[in-house]
Amino acid sequence: MFTRLDYIIWIGIIVLALGGVLYYQQIDVKGQSKIEITVDGEVYDIIPLTRDMEDVSREVQGFIGTTYIEISGSRARVTYSDCPDKICVHSGWINKPGQMIVCLPNRVIVQMTSDMEQDIDLYTN
Amino acid sequence: MLKIIFKYIYNTEGKTRKRAVEVLAVIFIVGIISFTLYNHLGDDGPQVSSKRVFMMDTTFEIVLYSTDEGQGNRLIDEAFNEARNLEKVLSRFISSSDVDRINRNAGIEPVEVDPVTFHVVEKAIHFSEISEGSFDVTVAPLLELWGFGTGEHSVPTEEEIKEVLPLVDYKKIEIEEDNLTVFLQEEGMAIDLGGIAKGYIVDHTIEYLERQGAESAFVDAGDIRVLGERPDETPWKIGVRHPRQREDLIAVIPVSDESIDTSGDYERFFIEDGKRYHHIIDPHTGKPTREMLSVTVVSPDCVAADTLSTAAFVLGPEKGLELLEELPEVEGLLFDVNEELYITSGLKDIMK
C-alpha cells in the first residue's frame, strides 16, 4: 500500500515544512521598512512602517493630476490615479523592500525601502 | 495538511508495519512544525537589557545582550556601581579628588594619589608623548584662558596666550611609581583628566562586563566601546555623523571588540565678532586649529581613541592621517574644513 505516490507526497510535505522554516527566517531578517513617495524625482513623503501603525492615505499632486495612495498593514497600493492607463492601480499591493509602483504619466513612484540607517547600532558624535 | 495526514492513516488498511512507518513520518513532520513554532514563538533570540544614567557630565548607557534579561539587568547595575566608584576617584569637579589636589599643589609639592589616578596620569602622559604634545594632558590652563569650562568665553590677547603657553607641557609632570606621587613643576599648571577619565571608565566598565561573562554588549558615554559582536554575529555598525548636517552620515564603520570616539569642532564652541572658536586648542600655538571639522578614531581602548582623535584633529589632515597609520591597531577617519575625507588604509577595506 505504501506506493511511490505516497513517498512523493511525504517528500512534498517535508519540503513544504522546511520551506516554511526558511521563509519564516527570511521575514525575520528583513527588519523595518519605509514607504517612499516621489513625484518627478523629488521626495514627497517618507512613511516608516511600524507593526501596529494606523492606516495612512496620501493625495499626491503629480504631473497630470492626483494619485491616491493607501498604506495599510505594512503594505501600500495606489487606489486611484488620474492617469489614462491605470497601470499603477492594477499593480495592487507592494509589501517587500525593493518593490515599487510606478505611475509614468503622473510621474509618481511609490517604493518600499529598507533604509541602511536601520542597521546602525550607535552613532559617534 | 493535517487532513492529508489523517486521510493516509485511515485509508491504509495494509500491514501494521507500514502504518507504523506512516505514524513515524507524521511524528517527524509534527516535529519540524513544532520546532519552527518554538523557534519563532518560544525563543525570541538573545534578550536585551539596557540602562542609561547621567554621569561624568554626560549620559552613560550600557546595552547588554544575554539569554536572561533579569540577569542582564543585574549585571548592568553592578557595572554602574563599578563605574561610579571610579568616577569618585577621577572626577575633576569633586573637590576631594586626586586631580584637584595635584593641581592645587602645582609648583609646591608632589601629591600622593590613588593607584587608579596614577595609572590614568601615566596613560595620559603616554599618549601626550606618542602624539608629541598634539594631545597634551596639561592643556587645562589654555582652556581656562579661552573660557572653556568656566563658560565665560572670550578671545584672549596674544600676550595672554604667551604667558600661559609655558604652563602647557606634559614634560613638566613628574611621576614616581614607588610612592605613587604626581608633581606639576610650575605653579599655575593643571591637568584635566575629564575626557581621558571618561574613556578610562568606559574601558573599565566593558572589561568588568567581560570578566562577568558578558559576550555581546556596548557602553556609550560619547566614547563608545563594544564587547564582542552583535547577537547576529556581525560587527556593530557605528554611524559617523556629519559635523554640520547632523542628521546625515559621513560613514558607517563596523567594529567588534573595539572603541570609537570622535573629536569635533561642533562639540563646544563660541562665536565672537562673527568668528567661530572651538574647544580643541593646539597646545603648541595656544589657539583653536582651523583645518579640521571632525576626526573619528577606532582603537582597542577608549583612552587611545579619545586622546588620538584630539591629537589627529590638532595635527590636521595629512599629519593626523600619518600619525594614525603609524600606530598598530589604530584606524581613523578625518574630515577637514573642505569636507574632504581622509581614511586610514585598514579602515578603507572594511567600510562600505
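Top line first, the protein sequences correspond to chains A and B.
Per this note's numbering, the first sequence starts with residue 258, numbered consecutively.
Per this note's numbering, the second sequence starts with residue 11, numbered consecutively.
Yeah, the Cβ is synthetic: ideal placement off N, Cα and C, and Gly gets one too.
As the structure is a prediction and not an experimental result, all values here were calculated from the model.
Classification of residue i by the beta-carbon crowding that lies within 10 angstroms, buried from 16 upward
i	result
V73 of chain B	buried
K287 of chain A	Reliability fails at K287 of chain A, whose pLDDT of 45 lies under 50, so the model's placement of it is uncertain and the value that follows must be treated cautiously. That one is exposed.
I292 of chain A	buried
E350 of chain B	exposed
S309 of chain B	buried
V86 of chain B	The sequence as given places Ile at residue 86 of chain B; Val does not occur at that position. With 16 or more Cβ atoms within 10 Å of its Cβ, I86 of chain B is classed as buried.
N348 of chain B	exposed
D230 of chain B	buried
F45 of chain B	exposed
N189 of chain B	exposed
D108 of chain B	buried
V123 of chain B	buried
P305 of chain A	exposed
S290 of chain A	buried
D202 of chain B	buried
T69 of chain B	exposed
G296 of chain B	buried
Length of the line joining the Cα atoms of residue i and residue j
i	j	result
E370 of chain B	I234 of chain B	Nothing can be reported for residue 370 of chain B: it is not among the residues displayed for chain B, which extend from 11 to 362.
D376 of chain A	G249 of chain B	10 Å
P176 of chain B	Q195 of chain B	11 Å
V63 of chain B	R94 of chain B	11 Å
E186 of chain B	V126 of chain B	14 Å
S314 of chain A	V33 of chain B	52 Å
L337 of chain B	D258 of chain B	29 Å
G52 of chain B	D78 of chain B	For G52 of chain B, the predicted model reports a pLDDT of 49, less than 50, meaning its position is unreliable; a value from the coordinates is still stated below. Answer to the nearest angstrom: the Cα atoms are 14 Å apart.
G274 of chain B	V147 of chain B	18 Å
D342 of chain A	G319 of chain A	15 Å
A10 of chain B	R256 of chain B	Since the first residue shown for chain B is 11 and the last is 362, residue 10 of chain B is missing from the structure and cannot be characterised.
K208 of chain B	T336 of chain A	55 Å
S226 of chain B	R240 of chain B	6 Å
I246 of chain B	F228 of chain B	One detail in the question is off: residue 246 of chain B reads as Trp in this sequence, not Ile. In a straight line, the C-alpha of W246 of chain B is about 9 Å away from that of F228 of chain B.
M361 of chain B	I112 of chain B	43 Å
A261 of chain B	D311 of chain B	21 Å
I37 of chain B	D263 of chain A	16 Å
L357 of chain B	E341 of chain B	6 Å
A333 of chain A	T370 of chain A	12 Å
G284 of chain B	D297 of chain A	40 Å
L273 of chain A	Q356 of chain A	25 Å
M66 of chain B	G330 of chain A	44 Å
D292 of chain B	E92 of chain B	34 Å
V367 of chain A	G349 of chain A	12 Å
D179 of chain B	V265 of chain B	34 Å
E170 of chain B	L318 of chain B	28 Å
V287 of chain B	T354 of chain B	Per the sequence shown, the amino acid found at residue 287 of chain B is Tyr instead of Val. Distance between the alpha carbons of Y287 of chain B and T354 of chain B is about 28 Å.
S338 of chain A	V324 of chain B	58 Å
V212 of chain B	K98 of chain B	14 Å
T215 of chain B	N83 of chain B	14 Å
L361 of chain A	A224 of chain B	54 Å
G326 of chain B	P298 of chain B	12 Å
Y276 of chain B	V305 of chain B	12 Å
E88 of chain B	Q81 of chain B	11 Å
D110 of chain B	I206 of chain B	15 Å
T260 of chain A	K28 of chain B	11 Å
E139 of chain B	L96 of chain B	25 Å
Unbroken beta strand (DSSP E) run spanning residue i, endpoints
i	result
L259 of chain B	L259 to V265
K8 of chain B	Lying outside 11 to 362, the shown extent of chain B, residue 8 of chain B is not represented and no answer is given.
F193 of chain B	T191 to L194
D271 of chain B	S269 to G274
A315 of chain B	Note, A315 of chain B: premise wrong, no beta strand (DSSP E); alpha helix (DSSP H) at C312 to L325.
Y325 of chain A	T323 to S329
L203 of chain B	Note, L203 of chain B: premise wrong, no beta strand (DSSP E); not H, not E.
I185 of chain B	I183 to E186
I72 of chain B	T68 to S76
Residue i, enclosing alpha helix (DSSP H) - first and last residue
i	result
T127 of chain B	P125 to I140
R84 of chain B	E79 to L100
S355 of chain B	S355 to I360
K172 of chain B	E168 to V174
R111 of chain B	D108 to R114
V335 of chain A	Where V335 of chain A is concerned, there is no enclosing alpha helix (DSSP H), although the beta strand (DSSP E) it sits in stretches over R332 to S338.
L153 of chain B	A150 to L155
V346 of chain A	I344 to H347
Anticipated Cβ contact below 8 Å, residue i with residue j, distance rounded
i	j	result
N382 of chain A	R254 of chain B	No, N382 of chain A and R254 of chain B are not in contact; Cβ-Cβ is about 13 Å, not under 8 Å.
L219 of chain B	D267 of chain B	Contact doesn't hold; Cβ gap of about 12 Å is too wide.
V313 of chain B	L334 of chain B	At roughly 15 Å, the Cβ-Cβ gap does not stay under 8 Å, so V313 of chain B and L334 of chain B are not in contact.
A315 of chain B	I270 of chain B	6 Å
V174 of chain B	I183 of chain B	Contact doesn't hold; Cβ gap of about 17 Å is too wide.
I39 of chain B	I271 of chain A	7 Å
M302 of chain B	L344 of chain B	7 Å
P151 of chain B	G198 of chain B	6 Å
> Three or more beta-carbon pairs under 8 Å between the segment 296-311 of chain A and the segment 270-282 of chain A, yes or no?
Replying inline: no
> Should the segment 153-167 of chain B be regarded as contacting the segment 274-287 of chain B, the criterion being three or more beta carbon pairs within less than 8 Å?
Replying inline: yes
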